[in-house]
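Taking it in order: structure first as structure tokens, then the write-up.
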Amino acid sequence: MQQPLDGIVVAKLTKELKDGQRAFLDMSDRERAAKRIRLVLQGIARQLGSLSGQVEVFGSFLNGFKTGSSDLDIVFVGSTGAEHTTTVLGKFAQQAALCGFENITKIFQASVPLLKLTDTKSQMEVDFCINNQLGVRNSLLLSAYCKCDSRVLLLGRLVKDWAKKHELVGTADGCLNSYAYMLLVIFFLQSVQPPVLPNLQSMVSESVPVKDSKWGCDDCWETKFECNVTSIPQSKNVMPVGELMIRFFHFFTRVFDWRSHAVCMRLNRPGAAVDKFSLTLPTNDDQWYVEDPFDLKHNLAGKCSRIGRQRILDQMDDALQTLSTTGNWSKACPPGKQQFHFLKCRISQAVTPQALLEEFDAYDLVKLHFPKPDGSNRMGQAFLEFADSTARRRAHTLNEKYIADCQLQLHYSTQHSLAEAVGQGAFSTYEMASYKMQRQVLAARVESIGMGSASYQDTGSSANGGRMPRYYDNSMMNQGGAAMTDSMSYRYYGQQGQGPCTQVMVQRPPPPPPPPPLQQAPQLGGWDQSGATAHHNGYMQAQMNPQPKVTTSWQPAIELETARGTKQTRTQWWQQQQMKEELASLTKNNGAQILKPAISAVANAKDKRQVASHESRASGWLDVPFRTQVSPDQGPLLTPQQSGQLKDLQQFLTRFEQADYHKGKPPEIVLQAELTDDRAKHSGLQKPLLSPEESQKLDAFRAWFGRFKAG
Ligand code: UTP
Ligand code: MG
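The UniProt record's numbering numbers the first residue of the sequence shown as 1 and each following residue consecutively.
Rendered as structure tokens:
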């Protein structure tokens, strides 16, 4: 027997929910973006040649339950020829990088392998998978239920919003996924008296079988349902949406018997509960059972943990109390953004905190919560904490990367899951900022023992017991390609004279350039070299304040800087001035003319705007700086690999975008192209980068520069 509810409270709540509905209604921008994204992916499918089929939208953009935080789910349905799903997804990933997507993330180890993409223009998150026909069918089923009664959509969206606000969404954290909450809503609306929804699956007889193999064997599922909902009589239930909302929370906390029954909309009939032990999967009293309407081997609550179930019930109970006494939805589902942004992953014994800190250094990791060894050989769970959802999303792109013997399976997580893990075993927390500080101190020590200006130094040093941080494994810069491949590198220096110097090192270092001018300066007198570096290569310079303020600037090609407070000898000063003058005059008179063609040749730039500025150092290298505004999607200039590399670099640099730039300049990165004969050997390039005339000019420049080598 259903308890009567307070009419005033229900009226108040219904009004608030209906007013709030507007937030869901104005989604025209997202819908337009969704259409465009589907077309782009359809275009890629066509371009790949080996595919024949359609690219379709499914998930909440099809079933109707989309909210402001919904992703766009897209599926390719058709034949992939002889190619495996993950091979096809890999090809899509490559093309997506050229077609306006970023944060390309492979999730190939999931039961439904997929690619996660961010549409750069709309910043919409996209999940793209292959041949998930059950997903399409269940989206159509949910959509049919939404069409039966206007209250379904509103109730479903509100419940999803509520679950997301309370961080109750996510199977990795022992909760339910968004889709499962929609199944709860439909099941409840079928169960309420009188029912709001019929059972559409029991209303037709014509079979619609769909094959599926996600459980490792070939299954064939019945997916029939009544899709012609206009022929179904209107529900006799006239409860306002506020009342249905209260009753939803009441139903799952007070009425539904989770220990005996299943949430099974496929078999649901008024007054007849479904015995969970009669269904396909084995279960037990404690485990919840939420059966997928088509895939009978999928219990959507199968990964719900004891704590997860308890949290869901507690929050439902709170909502019930709040709503039934105050009718205040914004109290039950407070507005505001998520405060914490975690990724979590299982790690093997071989993964060290340092390895994780280094790996996520370029991804704005704020803290690492690392499980202390517990003496067992079990895999622990590490939690990575980010400042915001954008940083976390970028970091997710490292999914399935290997660290030691461990392939990272990164999952979005919450403070609750961390609290649960901490309750079960000890954790150490590493602050990235202090880790970096320590790393800088170590780097400075290494410099002070004479390695500071050795740009190509292997940063793995014995100075700290072999644990000297490898600042940045720039492996992405090391994959074939056209003119700038193979020996591309970039580096990033701390401010000279302030001690620490951070280098972003290449994985395969190029041959060392000639020694910098005045490198022998210490021999001239009592000049303290601890903070001094002769800049001979003009790479990207970054002045790094203690932190986190970072400014960038280009330094003159040849410049000697000394540690603060130390004196230069007159000779040193004079040499420095002379060199500066010579350099200035060279740059003004000949430098640009000599080097411009060479730069163009290296960059092979059809669009000159992309090569924002250039500098050359007479060391057998050309540095081709790209500003961060360069779009990696500009095909003619960059190969797909280079686009990817540039994208990664840009991502790395976005952390500086909050910074206070030196003279308002954006940060720049330097892609170096080697100009020595070695290049052809390393990169396998067939034709020289420079014409004979350009080479001659460059040689003249080198000869001029060579005068300074002797110091
Ligand atoms: P999502 O997790 O994106 O859910 O799964 P959603 O319904 O689109 O909800 P939001 O708005 O993004 O949060 C996308 C679709 O994948 C299928 C369903 O069709 C779902 O709508 N799916 C998802 C399943 O079939 N089973 C699952 O366990 C999860
Ligand atoms: Mg979705």
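We treat Cβ as the ideally placed atom computed from N, Cα and C, and that holds for glycine.
Report the residue from the options whose alpha carbon sits nearest the alpha carbon of residue i.
| i | options | result |
| --- | --- | --- |
| residue 83 | 109, 75, 49 | 49 |
| residue 182 | 209, 208, 153 | 153 |
| residue 313 | 333, 284, 175, 18 | 175 |
| residue 249 | 369, 156, 223, 295 | 156 |
| residue 146 | 198, 291, 96 | 198 |
| residue 385 | 134, 196, 340 | 340 |
| residue 114 | 122, 125, 123, 129 | 129 |
| residue 433 | 417, 148, 200, 387 | 387 |
| residue 193 | 297, 330, 37, 237 | 237 |
| residue 149 | 374, 168, 185, 446 | 185 |
| residue 335 | 89, 35, 164, 120 | 164 |
| residue 353 | 375, 342, 380, 331 | 380 |
| residue 299 | 43, 277, 17 | 277 |
Could you tell me the alpha carbon to alpha carbon distance between residue i and residue j, rounded to whole angstroms?
| i | j | result |
| --- | --- | --- |
| residue 240 | residue 320 | 16 Å |
| residue 4 | residue 12 | 16 Å |
| residue 218 | residue 26 | 42 Å |
| residue 15 | residue 364 | 43 Å |
| residue 92 | residue 46 | 11 Å |
| residue 713 | residue 440 | No information on residue 713 is available, as it lies outside the stretch 1 to 711 that the chain covers here. |
| residue 295 | residue 211 | 10 Å |
| residue 370 | residue 347 | 9 Å |
| residue 94 | residue 73 | 19 Å |
| residue 131 | residue 101 | 21 Å |
| residue 75 | residue 292 | 19 Å |
| residue 67 | residue 151 | 15 Å |
| residue 430 | residue 234 | 59 Å |
| residue 308 | residue 289 | 14 Å |
| residue 124 | residue 37 | 9 Å |
| residue 167 | residue 177 | 11 Å |
| residue 143 | residue 62 | 7 Å |
| residue 302 | residue 98 | 39 Å |
| residue 316 | residue 252 | 8 Å |
| residue 267 | residue 427 | 45 Å |
| residue 2 | residue 325 | 17 Å |
| residue 345 | residue 382 | 5 Å |
| residue 625 | residue 437 | Confidence at residue 625 is low in this model, with a pLDDT of 35, below 50, so its placement is unreliable and no value can be given for it. |
| residue 17 | residue 89 | 41 Å |
| residue 10 | residue 279 | 37 Å |
Report the partner residues of residue i according to the DSSP bridge assignment.
| i | result |
| --- | --- |
| residue 219 | 212 |
| residue 400 | Note: residue 400 sits in no beta bridge, so no partner. |
| residue 240 | Note: residue 240 sits in no beta bridge, so no partner. |
| residue 130 | 76 |
| residue 113 | Per DSSP, none; premise fails for residue 113. |
| residue 290 | 263 |
Residue i: buried (16+ other C-beta within 10 angstroms of its C-beta) or exposed?
| i | result |
| --- | --- |
| residue 269 | exposed |
| residue 127 | buried |
| residue 358 | buried |
| residue 39 | exposed |
| residue 220 | exposed |
| residue 228 | exposed |
| residue 8 | exposed |
| residue 208 | exposed |
| residue 475 | With a pLDDT of 24 at residue 475, under the threshold of 50, the modelled position of that residue is not reliable, and the figure given next carries that caveat. Exposed is the call here. |
| residue 350 | exposed |
| residue 136 | buried |
| residue 712 | Absent from the model: residue 712. The displayed extent of the chain is 1 to 711, so no value can be given. |
| residue 367 | buried |
| residue 377 | exposed |
| residue 55 | buried |
| residue 215 | exposed |
| residue 327 | buried |
| residue 19 | exposed |
| residue 201 | buried |
| residue 109 | exposed |
| residue 121 | exposed |
| residue 231 | exposed |
Which whole-angstrom value describes the C-beta separation of residue i and residue j, a residue pair presumed to lie in contact below a C-beta threshold of 8 Å?
| i | j | result |
| --- | --- | --- |
| residue 261 | residue 272 | The pair is not a contact, with the Cβ atoms about 10 Å apart (cut-off 8 Å). |
| residue 400 | residue 106 | 6 Å |
| residue 103 | residue 118 | 4 Å |
| residue 414 | residue 173 | 6 Å |
| residue 59 | residue 78 | Going by Cβ atoms, the distance from residue 59 to residue 78 rounds to 18 Å, so no, they are not a contact pair. |
| residue 204 | residue 225 | 6 Å |
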